[in-house]
Ligand SMILES: [Zn+2]
């Protein structure tokens with residue numbers, strides 16, 4: 050459930066001219082401030098999501114974990130609060146806690162003080178971005194990536210609690226097993242080419258400003274996708290729909306979250322999606338990735354996020370309710 054980390058890019062550099070050591074110390078505080086600034090806009094992004102505000106644990110390599118939380122949230126008394134260490138900007142909304150134990154990996158869930166929360170590793174080696182307003186790599190140790198990760202994973206927690214299972218799948222998340230048996234299909238050149246054409250169609254749809262043009266492009270996209278799925282083993286359709294709904298949607302929420310929190314880091318989620326649709330399926334040699342995991346990670350995350358963006362702009366008014374109730378993004382995109 051990791052958001053794309055290695056191959057994402059963002060626009061404006063952070064910490065221009067600031068001292069690296071100082072920036073490193075400030076990272077958890079900056080991430081916390083960003084999440085708190087996002088409060089009201091994240092609540093508007095998806096009904097019911099983020100209503101209590103963030104519940105995120107930022108684990109540094111050394112030192113105390115910073116738990117970012119809503120004003121009403123009280124963590125159980127096992128937690129040692131270090132009130133003096135909290136900067137004024139985080140007063141009442143964040144707590145340093147004594148070592149609650151490390152998260153199992155980079156971005157998993159934790160239970161601290163009786164609350165389920167997202168845990169984000171704050172890297173010890175903080176690298177400031179290059180000082181140009183060019184597209185620069187968005188890496189795991191950037192404030193932007195940590196904000197996206199926290200929002201993305203928080204949305205997964207919301208999906209677990211509130212989303213109905215996907216059709217033909219027992220959970221809101223995609224069951225990979227039926228498709229893994231057929232993964233060699235993903236290496237065939239016609240499938241690779243078909244997936245590339247589908248991403249190009251979605252990229253064109255994102256560029257249209259008028260919804261009737263978006264819909265025409267989506268009809269074209271849907272025909273391409275249907276033709277491909279018709280020739281592929283049947284488990285692919287349910288798998289793709291479920292994975293787009295789980296990960297594509299969380300991917301979009303993470304990008305939009307960042308664009309609302311810090312427009313200086315990402316001006317518009319669609320900028321990132323356009324970049325991903327064009328580039329993120331390519332390996333370092335410029336040749337397409339093949340195989341199972343790249344299809345799941347580099348195609349479906351991005352395609353699902355693009356569909357969510359188009360739905361937010363041109364979809365039916367109740368698209369979020371329908372997706373939450375079990376319909377796929379693809380289904381809701383189609384005119385009734
Ligand atoms: Zn995820």
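In this note's numbering, the protein residues as written are 50 to 385. We treat Cβ as the ideally placed atom computed from N, Cα and C, and that holds for glycine.
Less than 7 Å between the CB of residue i and some heavy atom of ligand 1, yes or no?
i, result
"residue 299", "yes"
"residue 205", "yes"
"residue 348", "no"
"residue 269", "no"
"residue 296", "yes"
"residue 292", "no"
"residue 231", "no"
"residue 201", "yes"
Does residue i come out as helix, strand or coil in the three-state DSSP assignment?
i, result
"residue 352", "helix"
"residue 103", "coil"
"residue 259", "coil"
"residue 212", "coil"
"residue 204", "helix"
"residue 292", "helix"
"residue 122", "coil"
"residue 218", "coil"
"residue 364", "coil"
"residue 225", "coil"
"residue 376", "coil"
"residue 136", "coil"
"residue 231", "coil"
"residue 88", "helix"
"residue 313", "coil"
"residue 276", "helix"
"residue 370", "helix"
"residue 32", "Residue coverage of the chain in this structure runs from 50 to 385, which leaves residue 32 outside it and unanswerable."
"residue 250", "helix"
"residue 283", "coil"
"residue 95", "coil"
"residue 77", "helix"
"residue 343", "helix"
Let me make sure I understand the geometry here. Which of the options has the alpha-carbon closest to that of residue i?
i, options, result
"residue 254", "141, 88, 236, 364", "364"
"residue 82", "325, 343, 307", "307"
"residue 227", "273, 195, 281, 164", "281"
"residue 317", "75, 344, 136, 358", "358"
"residue 78", "123, 162, 137, 120", "137"
"residue 299", "256, 147, 277, 94", "94"
"residue 171", "346, 374, 192, 157", "192"
"residue 304", "92, 99, 198, 169", "198"
"residue 217", "377, 109, 279, 163", "377"
"residue 314", "232, 263, 158, 194", "194"
"residue 203", "135, 296, 140", "296"
"residue 120", "140, 354, 84", "140"
"residue 214", "290, 112, 354", "290"
"residue 350", "111, 222, 267, 278", "222"
"residue 210", "366, 99, 356, 86", "99"
"residue 163", "123, 135, 134", "123"
"residue 272", "345, 383, 87, 143", "383"
"residue 235", "366, 344, 90", "344"
"residue 161", "259, 104, 249, 88", "104"
"residue 352", "366, 249, 381, 369", "249"
"residue 355", "370, 302, 311, 342", "302"
Using DSSP bridges, identify the partner residues of residue i.
i, result
"residue 160", "165"
"residue 171", "109"
"residue 145", "115"
With 8 Å as the threshold, decide whether the Cβ of residue i is near any Cβ in chain C.
i, result
"residue 141", "As a matter of chain content, chain C is missing from the structure shown, which is built from one protein chain."
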